[in-house]
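Some notes on the structure that comes next.
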Amino acid sequence: MDAATEATRSLRGLSSELTARVPQLLEAMRTVGAGLDLHVTLDRIVETAAELADARYAAIGIIDEAREGLSDFVTYGVTAQQHERIGALPDGHKGLLGALIHDPKPLRLDDLTKDARSAGFPPGHPPMRTFLGVPIRVQGDIFGNLYLTEKRDGGVFSEEDLHMVRVLATEAGIAIGNARLHAATRQRERWIDGSVAVTTELLAGSDVDDALAVVAEQARKLADSAAGIVLLPDGEGGLEIVAVSADEPAGIMGTQIPSDSPVVEQLLAGEPVFVDDSATDPRMVTHIAQRFGPSMMLPLKSGGRVLGTLATPRARGARPFTGAERTLATQFAAQAALALVLADAQRDRERLAVYEDRDRIARDLHDLVIQRLFATGMMLESAQRRTVVPEVALGVGKAVDELDVTIQEIRTAIFALQQGPAEAPCGLRTRVLREIGTAAVPLGFQPSAGFVGPVDSRVGELTGKNLIAALREALSNAFRHAQASRIEVVVDATIRLPDGTDGVRLTVADDGIGIPDGGRRSGLKNLANRAESLGGSSTYGPGLGEGGTGTTVYWEAPL
């Protein structure tokens, strides 16, 4: 209201020519004040200002947070072809634009090319001579400057034009303030909604790897960044990338930041790191830093404990993160860390319940099922000795052999069920069998397992860890959706990937109902993202059932 009152006072005592243009000015002010979207408001301001002052070109230069240059430049009158020929937008570090940043006062020039502060135009820039510049203030602070050039009638901008544009700039400041407040409110709502989505997803029972992937994906979306990355301590004092959400994730997963990196100590101490340009910042020592520009690296900290780091780098040349974005992202990281802690505690409780259930099943298998099968085998052997028909004796003998095999398989399953998490050796083969044994409890049957090649010696630790996570995801999908009665798992460490490199293939096939049209495919998407982050792929096809019913998942990655 104060700004509007001041704008009205500035019209008093002016010429009749200017008074006659007041209706046009009021209409312009009404137009500028309509709407709450910031970008739409800026476009409307430059167009309205050009019409009000009868200028061919108009622009608004938005001053960056450091008050040293321009963070954005909104134009009117310059065609897309002219923009392409001009190239990069002005940064406000020199010329008249820079002068108005450091000395924000109204400026009217009959020929800007003759002003000592002018720095000239880049190739392809349309010719401009007459100039009018007016600062735009939002709640008393300089937001940017409104520039007008080239009077359409070939004349120069008059004092009346200057007065009119100054009043319009005042109204523009009010409109921009409202739009910025609206944008800030919407931005906070999005981050809050994102935090709620992460918490809900993590507490829904996702495993650790999927939980980290959810955090990375949500952070990328909310921060409008090129990637969302989660790093965890690697046991050697450094950090390792364990989850990635990006359009091109290849080569990112598994990247390590060594302990002597300047940023690691700060991050593990629970302090955020903000980088203006990852590609040129000497603190960024990894090979993937060359891909990115502005970046936020935020500690995932809860209760004084640092779980890891959340990074949200933008593409090279992208706009830097604002102070509000940094604050919101830091709060999101703290909320995500708390959700991870709660989800981990919930998984511990569920894991304990599973182990108790596995012990009960193992006892029942040993005390009841094996004893009955053993007794049945003895009865069949007795019958075999008494029969005089060779064919009957042969058939009974085969049945006894099958019972012996079945007893051995059940004993293997009992061993797997009784094996605790700390007892399992670290070989990939054993980890695969352990995952299958764990899945047998909710499935109600034991999936079969097969191995091709020396999987323990050939498959690297990073690929092996992700293969186990992919197996867990595939078995979980089969349990929750497939309604399968038979599952076959094969790990083949002798394949070659399409690019000719050696790889490993995980195959999980079932005889269930298959993937319905229009059904959710989030699990399959997770499998594909995990494989692609390692340079591999994930597909699916027909299953084990009659006529190809069911689903077969193929997951491949380099060794």
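Quick note: the sequence shown, position 292, residue 817 per the numbering used here, numbers continuous. We treat Cβ as the ideally placed atom computed from N, Cα and C, and that holds for glycine.
| query | result |
| --- | --- |
| Alpha carbon to alpha carbon, how far is residue 906 from residue 929? | 12 Å |
| Just to confirm the assignment, what range does the alpha helix (DSSP H) spanning residue 994 have? | 986-1002 |
| Using a Cβ-Cβ cutoff of less than 7 Å, which residues in the same chain neighbour residue 567 once the five nearest sequence positions on both sides are dropped? | 585 and 599 |
| Can you tell me whether DSSP reads residue 658 as helix, strand or coil? | strand |
| Might you give, ordered along the chain, the residues of its own chain that have their beta carbon closer than 7 Å to the beta carbon of residue 635, omitting 5 neighbours on each side? | 655 and 681 |
| Can you give me the C-alpha to C-alpha distance between residue 1031 and residue 1012, rounded to a whole angstrom? | 13 Å |
| Does the pairing of the segment 586-594 with the segment 676-694 give three or more beta-carbon distances under 8 Å? | no |
| Which of helix, strand or coil does DSSP assign to residue 778? | coil |
| Could you check what DSSP says for residue 666 in three-state terms: helix, strand or coil? | strand |
| Go ahead and pull the three-state DSSP assignment for residue 1030. | strand |
| From the DSSP output, in three-state form, read off residue 1065 for me. | strand |
| Could you check where the beta strand (DSSP E) with residue 1077 kicks off and where it finishes? | 1076-1083 |
| Does the separation of the CB atoms of residue 647 and residue 611 fall below 8 Å? | yes |
| Which residues in the same chain have their Cβ closer than 7 Å to the Cβ of residue 623, if we skip the five residues on either side of it in sequence? | 617 |
| Within 10 Å of its beta-carbon, does residue 948 have 16 or more other beta-carbons around it, so buried, or fewer, so exposed? | At residue 948 the pLDDT is 46, less than 50, meaning the model places this residue with poor confidence; the figure from the coordinates comes in the next sentence. Answer is exposed; the Cβ neighbour count stays below 16. |
| Would you call the segment 968-975 and the segment 1009-1029 touching, i.e. three or more CB-CB distances under 8 Å? | yes |
| Roughly how many angstroms lie between the CA atoms of residue 702 and residue 696, to the nearest whole one? | 10 Å |
| Return helix, strand or coil for residue 1071, following the three-state DSSP convention. | helix |
| Using beta-carbon positions only, say whether residue 993 and residue 960 come within less than 8 Å of one another. | yes |
| Does residue 825 have its Cβ less than 8 Å from a Cβ in chain D? | Included in the structure is just one protein chain, with no chain D present. |
| Taking the beta strand (DSSP E) that residue 600 falls in, what are its first and last residues? | 595-601 |
| Report yes or no: do the segment 771-783 and the segment 808-819 share at least 3 C-beta pairs separated by less than 8 Å? | yes |
| Tell me residue 1012's beta-bridge partners as DSSP assigns them. | 1035 |
| Which residues share a DSSP beta bridge with residue 886? | None; residue 886 has no bridge partner. |
| Below 7 Å CB to CB, which residues in the same chain sit around residue 1035 once its five sequence neighbours on both sides are set aside? | 1003, 1007, 1009, 1011, 1012, 1068, 1069, 1075 and 1076 |
| With DSSP collapsed to three states, give me the class of residue 819. | strand |
| Over what stretch of residues does the beta strand (DSSP E) that includes residue 643 continue unbroken? | Unbroken run through residue 643: none, as it is neither H nor E. |
| Roughly how many angstroms lie between the CA atoms of residue 638 and residue 592, to the nearest whole one? | 25 Å |
| Does the pairing of the segment 819-836 with the segment 853-868 give three or more beta-carbon distances under 8 Å? | yes |
| By Cβ distance below 7 Å, which residues in the same chain neighbour residue 1026 in space, the five residues on each side in sequence not counted? | 1083 |
| With DSSP run on the structure shown, which of helix, strand or coil describes residue 1017? | strand |
| With a CB to CB cut of under 8 Å and the five nearest residues on each side skipped, what residues in its chain are close to residue 777? | 752, 754, 766, 769, 771, 813 and 1058 |
| In angstroms with no decimal places, state the Cα-to-Cα distance between residue 950 and residue 985. | At residue 950, the pLDDT of 48 sits below 50, so the modelled position is not reliable and the matter cannot be decided from this model. |
| State yes or no: is the C-beta of residue 745 within less than 8 Å of the C-beta of residue 837? | yes |
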